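The next block holds one structure in the form of structure tokens; read it before the comments.
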Amino acid sequence: MNKVIFSIVFFLFLLSCQEQTSNNSIAEETPDGSLSKSFESLYSNGDMNDYLKKYVPFTLTTDTSRLSGKEKMIINKLIEASRYMDDMFWYEAFGNKEELLSSINDEQLKAFAEINYGPWDRLDNNAVFIEGHAPKAPGSNYYPKDMTKAEFESASIKDKESLYTFLRRDENGDLVSVPYKEHFKEGNEAVAKLLKEAAALSDNTAFSKYLKLRAEALLTDDYQKSDMAWLDMKDNHIDVVIGLIETYEDQLYGFKAAHEAYVLVKDMEWSKRLEKYAQFLPELQEGLPVPEAYKAETPGRDTELNAYDVIYYAGDCNAGSKTIAINLPNDEEVQLLKGTRRLQLKNAMRAKFDKILLPISKELIAPSQRKHISFDAFFANTMFHEVAHGLGIKNTIDGKSTVRKALKEHASALEEGKADMLGLYMIRQLHQKSEIEGDLMDYYVTFMASIFRSVRFGAASAHGKANMIRFNYFDEMGAFTRNPETGYYTVNPEKLVDAMNSLSEKILTIQGDGDYEAVAQLVSDKGVIKEQLQSDLDLLAEKGIPVDVVFNQGPDFLGF
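This is the structure:
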């Protein structure tokens, strides 16, 4: 397998090249041996095209003095394994990666294609940016491009809704399923070998057990045992999330999981400070603003909040907008039996706050409320968003389906909307119990500024769509006002709380009912960017505020 080294000929991520350490920049040697411009210098000089200006570079690193020699060796193994996840996701998102990249002569477009894992702009509703390519199929490469929903729904294939199968056509043109474990057999075996080698190096028994079980999961498409083992780890300094995780890429049904990986170094001190909040989950579940039937499930109690430096992204999480916090496992059975772990990626979070959220607030938030924009509030809002994924219910109240299967392609956007609302609800409840310090307005105003940040991800992103729904809902309920002369937004705290409670109840009810028609109507009515908001977002682009970050990452940037 070609190792995917995230570097830039004229910006980013070209294959099989040598990373060169520099200050927040990426460079590689050109064919004649000279060193090309770094992305950072091109960015600051304004030499890039409009596509690449949507991103700002950031170097992923950590305090390597706290890592032992064995831990550094383990990290190298995990990064190498993660690069396979990158190639697998390329296939799921597009198909033949090399065929696409070799067809692009313009190095800027090639770099942008690598950021997007295909010829579609993920921050512009998957608009085609390379001529000759059809619009992105809602089902990506998980299903035949000519397959209709009617054909899928009438097909008698027992595992057609499985997280871990492709749908393909046989020699007669009929639909058949192909398990991931078969399609990616060679790559899975290579990853399994690397994970077992990392396990052998580890002195942490629980981490070693998890790596071995995860290696087996990749070969069998059975992830539950390794998910359980992952939750059993408590004192590991190094962590990795690797395999088939989220279903965002399947926008046809939301059934198919995508490959991705994060290599992480746990901040033990921050994690210790956060662990107390998990104990409040059952109490907060009981207080949700919905009838009892919609909160009848009991969240698993083996729930952790931890803070990490993320030092490598690969696959789905690295495509387009970058993840800054994680709530896993997604398996509903595991969540109910044991709980989840919430991972706060604090270095990536800081990058988005400093390079994107603060500049947005200076353009769109009223000067009188800008003092309420803070990293602590941003961290808390993001953290409790992830915690809130554990609230509500995972199965419809009639017991016939999981919420994910009932709501299909809209499930992810609604779940992200739920987590945003209930995260804010949790902050308010814990603040009233004096478990969270600070002015509530810090959380509210930072939350409002974050809507502008996330809505820029576009409708192709579940997070972007969730923020569109929330913006329009809040607008209708007067949660904020916009000064037509200055263009500045002001949060109205009492009405924001009313809107939060109202939208929370609506989302939780739709989820509990498994009401596909209701969520489709909500997305149709409010999952849009209206003229005024679009004008404000255009202003941010005119001011040169990036939409998201792109990473310098790998062993060289860690100084290994």
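If you use the working numbering, the sequence shown corresponds to residues 1 to 560, in order.
The beta-carbon is built from N, C-alpha and C at its ideal position, and this holds for glycine as well.
Small disclaimer: the values here were computed from a predicted structure and weren't measured.
Same chain, Cβ closer than 6 Å to residue i, five either side skipped, listed in chain order
i, result
"H389", "N327, A419"
"Y223", "A217"
"G527", "K465, M468, I469"
"Q344", "A307, A325, M383"
"A215", "A192, L195, K196"
"D309", "T62, V265, N347"
"Y494", "The sequence given here has Glu at residue 494, not Tyr. There are no such residues."
"G514", "T396, S401, A406"
"V56", "K355, P546, V549"
"W90", "K97, Y117"
Secondary structure of residue i, DSSP reduced to three states
i, result
"F129", "coil"
"G243", "strand"
"A229", "helix"
"L391", "coil"
"Y489", "strand"
"N501", "helix"
"I66", "Looking at the sequence itself, residue 66 is Arg, so the reference to Ile does not match. It is helical."
"I545", "coil"
"Q279", "helix"
"R168", "strand"
"A113", "helix"
"A325", "strand"
"D50", "coil"
"F89", "helix"
"F560", "coil"
Residue i - containing alpha helix (DSSP H), residue span
i, result
"Y443", "440 to 455"
"F261", "Reading the sequence as shown, one finds Ala at residue 261 and not Phe. Here A261 belongs to no alpha helix (DSSP H); instead the beta strand (DSSP E) covers 259 to 267."
"D475", "462 to 476"
"F152", "149 to 154"
"V290", "Segment: none, V290 is in no alpha helix (DSSP H) and carries neither H nor E."
"T220", "205 to 220"
"R404", "403 to 407"
"R482", "Where R482 is concerned, there is no enclosing alpha helix (DSSP H), although the beta strand (DSSP E) it sits in stretches over 480 to 482."
"Y516", "516 to 526"
Residue i and residue j closer than 8 Å at C-beta
i, j, result
"G392", "L508", "yes"
"A562", "I79", "The requested residue 562 does not occur in the structure, where the chain is confined to residues 1 to 560."
"A261", "G315", "yes"
"A257", "L244", "yes"
"Y488", "I365", "yes"
"I510", "V523", "no"
"F94", "G69", "no"
"M88", "G187", "yes"
"K346", "W270", "yes"
"T165", "S177", "yes"
"V550", "I130", "no"
"Q279", "K295", "no"
"E363", "L537", "no"
"D580", "S401", "The structure shown does not extend to residue 580, since the chain spans only 1 to 560, so no value can be given for it."
"G132", "A293", "no"
"K394", "Q335", "yes"
"D221", "K181", "yes"
"N126", "K136", "yes"
Nearest-angstrom beta carbon gap, residue j and residue i [assumed within contact, 8 Å]
i, j, result
"E416", "A462", "5 Å"
"V387", "L305", "7 Å"
"D331", "D227", "6 Å"
"D548", "K54", "7 Å"
"L167", "Y142", "7 Å"
"I373", "T446", "5 Å"
"A499", "M477", "4 Å"
"P567", "L252", "Absent from the structure is residue 567, since the part of the chain shown begins at 1 and ends at 560."
"L60", "Y312", "7 Å"
Range of the contiguous beta strand (DSSP E) that encloses residue i
i, result
"D309", "304 to 315"
"N141", "Note, N141: premise wrong, no beta strand (DSSP E); not H, not E."
"N552", "548 to 552"
"S361", "Segment 358 to 364 is the alpha helix (DSSP H) holding S361; no beta strand (DSSP E) there."
"R370", "Element bounds for R370: n/a, residue is neither H nor E."
"L175", "175 to 179"
"P57", "55 to 59"
"Q344", "341 to 345"
Cβ neighbours of residue i in the same chain (closer than 8 Å, five flanking residues each side left out)
i, result
"S504", "L288, P289, V290, K418, M421, L422, Y425"
"L533", "V455, F471"
"A380", "I427, I436, Y443"
"Q484", "It is worth fixing the name first, because residue 484 is Pro in this sequence and not Gln. Excluding positions up to five away in sequence, the list is empty."
"F207", "A199, M233, N236, I238, D239"
"T64", "K72, L558, G559, F560"
"I545", "I356, P359, I360, E363"
7 Å CB neighbourhood of residue i in its chain, flanking five on each side removed
i, result
"A411", "G254, V403, R404"
"Q429", "L284, G287"
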